[in-house]
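Those protein sequences? They're chains H and Y, same order as listed.
Letter 457 of the first sequence, counting from 1, is numbered 457 in UniProt numbering, and no numbers are missing.
Letter 40 of the second sequence, counting from 1, is numbered 40 in UniProt numbering, and no numbers are missing.
Every residue, glycine too, gets a C-beta built ideally from N, C-alpha and C.
Number of protein chains: 2
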Amino acid sequence: MSTIQSYIDQHKERFIAELIDLLKIPSISADTAFSEDVIQTAEAVKIALDQAGCDRVEICETKGYPVVYGEKIIDPKLPTVLVYGHYDVQPPDPMDLWDSPPFEPVIKKTDLHPDGAIFARGACDDKGQFFMHVKALEYMVRENELPCNIKFMIEGEEEVGSDSLADFLNENKELLSNDIILISDTGIIANDVPSITTGLRGLSYVEVEVTGPNRDLHSGIYGGAVPNPINVLAKMVASLHDENGHITIPGFYDKVEVLSAEERAEMAKAPFDLEEYKKALDIGDVEGENGYSTTERFSIRPTLDVNGIWGGYTGEGAKTVIASKAYAKISMRLVPHQDWNEITDLFTKHFEAIAPDSVKVKVTPHHGGQGYVTPIDSPGYRAAAAAMETTFGKKPVPQRTGGSIPIVALFEEVLESKTILMGFGLDSDAIHSPNEHFGIWNFLKGIETIPHFFKNYTAHWS
Amino acid sequence: MSTIQSYIDQHKERFIAELIDLLKIPSISADTAFSEDVIQTAEAVKIALDQAGCDRVEICETKGYPVVYGEKIIDPKLPTVLVYGHYDVQPPDPMDLWDSPPFEPVIKKTDLHPDGAIFARGACDDKGQFFMHVKALEYMVRENELPCNIKFMIEGEEEVGSDSLADFLNENKELLSNDIILISDTGIIANDVPSITTGLRGLSYVEVEVTGPNRDLHSGIYGGAVPNPINVLAKMVASLHDENGHITIPGFYDKVEVLSAEERAEMAKAPFDLEEYKKALDIGDVEGENGYSTTERFSIRPTLDVNGIWGGYTGEGAKTVIASKAYAKISMRLVPHQDWNEITDLFTKHFEAIAPDSVKVKVTPHHGGQGYVTPIDSPGYRAAAAAMETTFGKKPVPQRTGGSIPIVALFEEVLESKTILMGFGLDSDAIHSPNEHFGIWNFLKGIETIPHFFKNYTAHWS
Numbered sequence: 001m002s003t004i005q006s007y008i009d010q011h012k013e014r015f016i017a018e019l020i021d022l023l024k025i026p027s028i029s030a031d032t033a034f035s036e037d038v039i040q041t042a043e044a045v046k047i048a049l050d051q052a053g054c055d056r057v058e059i060c061e062t063k064g065y066p067v068v069y070g071e072k073i074i075d076p077k078l079p080t081v082l083v084y085g086h087y088d089v090q091p092p093d094p095m096d097l098w099d100s101p102p103f104e105p106v107i108k109k110t111d112l113h114p115d116g117a118i119f120a121r122g123a124c125d126d127k128g129q130f131f132m133h134v135k136a137l138e139y140m141v142r143e144n145e146l147p148c149n150i151k152f153m154i155e156g157e158e159e160v161g162s163d164s165l166a167d168f169l170n171e172n173k174e175l176l177s178n179d180i181i182l183i184s185d186t187g188i189i190a191n192d193v194p195s196i197t198t199g200l201r202g203l204s205y206v207e208v209e210v211t212g213p214n215r216d217l218h219s220g221i222y223g224g225a226v227p228n229p230i231n232v233l234a235k236m237v238a239s240l241h242d243e244n245g246h247i248t249i250p251g252f253y254d255k256v257e258v259l260s261a262e263e264r265a266e267m268a269k270a271p272f273d274l275e276e277y278k279k280a281l282d283i284g285d286v287e288g289e290n291g292y293s294t295t296e297r298f299s300i301r302p303t304l305d306v307n308g309i310w311g312g313y314t315g316e317g318a319k320t321v322i323a324s325k326a327y328a329k330i331s332m333r334l335v336p337h338q339d340w341n342e343i344t345d346l347f348t349k350h351f352e353a354i355a356p357d358s359v360k361v362k363v364t365p366h367h368g369g370q371g372y373v374t375p376i377d378s379p380g381y382r383a384a385a386a387a388m389e390t391t392f393g394k395k396p397v398p399q400r401t402g403g404s405i406p407i408v409a410l411f412e413e414v415l416e417s418k419t420i421l422m423g424f425g426l427d428s429d430a431i432h433s434p435n436e437h438f439g440i441w442n443f444l445k446g447i448e449t450i451p452h453f454f455k456n457y458t459a460h461w462s
Numbered sequence: 001m002s003t004i005q006s007y008i009d010q011h012k013e014r015f016i017a018e019l020i021d022l023l024k025i026p027s028i029s030a031d032t033a034f035s036e037d038v039i040q041t042a043e044a045v046k047i048a049l050d051q052a053g054c055d056r057v058e059i060c061e062t063k064g065y066p067v068v069y070g071e072k073i074i075d076p077k078l079p080t081v082l083v084y085g086h087y088d089v090q091p092p093d094p095m096d097l098w099d100s101p102p103f104e105p106v107i108k109k110t111d112l113h114p115d116g117a118i119f120a121r122g123a124c125d126d127k128g129q130f131f132m133h134v135k136a137l138e139y140m141v142r143e144n145e146l147p148c149n150i151k152f153m154i155e156g157e158e159e160v161g162s163d164s165l166a167d168f169l170n171e172n173k174e175l176l177s178n179d180i181i182l183i184s185d186t187g188i189i190a191n192d193v194p195s196i197t198t199g200l201r202g203l204s205y206v207e208v209e210v211t212g213p214n215r216d217l218h219s220g221i222y223g224g225a226v227p228n229p230i231n232v233l234a235k236m237v238a239s240l241h242d243e244n245g246h247i248t249i250p251g252f253y254d255k256v257e258v259l260s261a262e263e264r265a266e267m268a269k270a271p272f273d274l275e276e277y278k279k280a281l282d283i284g285d286v287e288g289e290n291g292y293s294t295t296e297r298f299s300i301r302p303t304l305d306v307n308g309i310w311g312g313y314t315g316e317g318a319k320t321v322i323a324s325k326a327y328a329k330i331s332m333r334l335v336p337h338q339d340w341n342e343i344t345d346l347f348t349k350h351f352e353a354i355a356p357d358s359v360k361v362k363v364t365p366h367h368g369g370q371g372y373v374t375p376i377d378s379p380g381y382r383a384a385a386a387a388m389e390t391t392f393g394k395k396p397v398p399q400r401t402g403g404s405i406p407i408v409a410l411f412e413e414v415l416e417s418k419t420i421l422m423g424f425g426l427d428s429d430a431i432h433s434p435n436e437h438f439g440i441w442n443f444l445k446g447i448e449t450i451p452h453f454f455k456n457y458t459a460h461w462s
């Protein structure tokens, strides 16, 4: 019987090859042009779970893309860990900023990844990370090291808001029943600074449309006399923040969780180098809400960002036109206690209220999710912390992060179980960006750590 | 020898058929993908001028698209009229707003065009309008009614700023020498309210790029902590106008021509129905500079409009990204005495000055041109007014318009001749917009009016 380290040494080339095959399928859930690829990816995940040793694997249809379910029940009296992940990926554009095609994975060394990293869309978010669990299962099954029951739920709509998941959970409470949920879709502070995510921000994502004249107009004949929807949209967007970087939507901050000075002081201990941060992004300065540090701005504070804007002539050369319509995609990151539906309503009311009489505005909610904070004194957290301490050689830091995994709050509500966010990526892995990658070291470290979590969790379970 | 009316009655079906053939070629000068079509259009114009009776026709190469030159010199001692027009057209997008394909001309009746209008990109701007002169020449030559010399200069870069024309004029002063320049690239107030354009606005067209982080970022992990170039661009654009609709660029208004109360009162007499205007555009209200009427805003006052904006994710669905870059195309309409190069510099300095330290900005001038005002007591104006009075049955109204024909000022500078802007389109013809069209009545009325201009001008020339 080999240890997890020796098993990894023996099989790592195959692990990487299998992941690369998975990364070659462009499972872009946001673009219907790729729907067949998304379905094909679900099939590939099903096969991977079969081969890893699940007793029962199913592709479960939903209103949207299917959920791949797998399980290995060794003894109903033992605890059950539900592993969640997603096989869909973000759109890769802007394509021209990729050094290699997003769906033709390549391995390259970087300063932070001297052992090499796999460059491909989805490498870290989340194909590479959920696949660690598949390979960890393979080890535990083949080497008879699985100490408890395990279930997998790998979905295909995470990048578009997991629209079908609430129904799926409610219709399959029994199937999905578990004692703890384990997710690797977050990161660590650094390879020598392990951390576990204890807080996530919620999300409200809307699209706005501003209509001026009923048709595009000649800017010479009409310019300066009619409402230009692009100028109007720019003015409206600009007004959503005041001069202190506060969001101006009435009621937006009403339910925001206020942290104590102690809590903020504790958080401030996590290593963070502002100069390094600015240098890495090549920005002259940081920006954000006055009165909060950069780490607080992206973790404990709600924010509003335009994710996309378009209108008028955007092609080559010049067109002297006043557009009929202008559009923006706007997302708000929320903190615990802010309800995303309520915030979406507040945004909609406010945006309609600030529109001048000269234009018509339409606000369309895309999707959203609640924020989440997990206690650090739970059996699950302790099992994860101990596993990381074993494999990293030091205690992980509890960390709030700005990202959102909307379904974590949903899990607590519907399945009534806690979630442990034990991820192995780095912020620099460029998820959602061109040249997304995932360190080979991190990939293998995840596979090494996961079996320890199962052992620890089962040992202290009662 | 037939009159122009009887000649038109006899040949109008052919005139329309020939124009439709010309409109089928997508001569989009702003998009290099159509460069062969632009060249092909020049060839078609050459053939049309040959057939109409020019003695000498040439396709003159330039740094950009060629100029088609044609002439019929009947007697060097007689005056020479130079007809200018352009065979290039605006890009047709947004395509989905066209009721019929932009380069598949169709004739449909409208409320304003009960005799039918030709719907196609370029129908009014400017293929349909310069072609009136080609057909008027055909009549004057075949019926021996040409009273003076005529030259044609039809260019292919008007919609992208006539970049090559200054060189062409300077290199061909002799060839282009003339006594008066006649252009039909403007409109009349209504079919029962003839007008002649006596003022044009200048233009400065720039493109701006705002760069935040060096790569697209995950809005959850970075949102609220880094400069979002879209939010920054929106704020910068919004700041270009103050609460009174004045442009905030320092020095922008310094050289603006100030009209007397009398002049403004005279202008105010031109028929204009604000409620009709708002209704036709389906806008809740007009917008613009405080202290000026709508007609003044688009004629005697300079303006700034965003013609296009883009950045981040603009595709289907939602992408939680913070873009690295955001862009806008911005044009300023200028009035007499404002120098477009000077305004472009003022804009560039100001835009760079208001950029926060957190971002990098780049301003790229696209093109521009000077404004122009023509006197209404010149022989040329009187000849045009008399011609219109003959064919419309009432005196035309002198009118300032907001559009720009940058080369008019250039003509005066290089060729030292005045320009008469005798156009026959309507503001509602949707030039630069989807469903551009040109009334059959207007097309034929132009052909009918032009020979009267030649006769009047020659008669009073000395």
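Under 7 Å between C-beta atoms of residue i and residue j
i, j, result
"H:F453", "H:A385", "no"
"Y:I431", "Y:C124", "yes"
"Y:F119", "Y:I249", "no"
"H:G312", "H:A323", "yes"
"Y:P213", "Y:V193", "no"
"Y:I447", "Y:G116", "no"
"H:T344", "H:S204", "yes"
"Y:R215", "H:S428", "no"
"Y:P76", "Y:D179", "no"
"H:G425", "H:G251", "no"
"H:L176", "H:L415", "yes"
"H:D282", "Y:G223", "no"
"H:I309", "Y:I39", "no"
"Y:H86", "Y:D31", "no"
"H:S164", "H:K63", "yes"
"H:V208", "H:I150", "no"
"H:L23", "H:P105", "yes"
Residue i burial status per 10 Å Cβ neighbour count (16 or more: buried)
i, result
"H:Q370", "buried"
"H:M1", "Only weak support is given to the placement of H:M1: the predicted model assigns it a pLDDT of 49, under 50, and the value that follows is read from those uncertain coordinates. Label assigned to H:M1: exposed."
"Y:P66", "buried"
"Y:I376", "exposed"
"Y:T364", "exposed"
"H:P436", "In the sequence as displayed, the identity of residue 436 of chain H is Glu instead of Pro. The residue is buried, with at least 16 neighbouring Cβ atoms inside 10 Å."
"Y:S260", "exposed"
"H:A353", "exposed"
"H:R333", "buried"
"Y:K418", "buried"
"Y:P271", "exposed"
"H:G291", "exposed"
DSSP beta-bridge partners of residue i
i, result
"Y:H86", "Y:E155"
"Y:L182", "Y:V83, Y:I420"
Whole runs of the beta strand (DSSP E) within the stretch 395-425 of chain Y, excluding any shorter than 3 residues: 397-400, 419-421
Inter-stretch contact (C-beta, 8 Å, three-pair minimum) for the stretch 71-82 of chain Y and the stretch 283-301 of chain H: no
Cβ contact check for the stretch 352-364 of chain Y and the stretch 231-247 of chain Y: 3 or more pairs under 8 Å: yes
Whole runs of the alpha helix (DSSP H) within the UniProt domain "Peptidase M20 dimerisation" (199-357) of chain Y, excluding any shorter than 4 residues: 219-222, 229-238, 261-268, 274-281, 294-297, 340-353
The stretch 153-160 of chain Y / the stretch 85-95 of chain Y touching (three or more Cβ pairs under 8 Å): yes
Cβ contact (3+ pairs, closer than 8 Å) linking the stretch 132-143 of chain Y and the stretch 92-106 of chain Y: no
Residue ranges of each beta strand (DSSP E) within the stretch 40-124 of chain Y, 3 or longer: 56-60, 67-72, 80-86, 106-108, 117-119
Touching by the beta-carbon criterion (3+ pairs, under 8 Å), the stretch 272-289 of chain Y and the stretch 273-290 of chain H: no
Whole runs of the beta strand (DSSP E) within the stretch 127-175 of chain Y, excluding any shorter than 3 residues: 149-155
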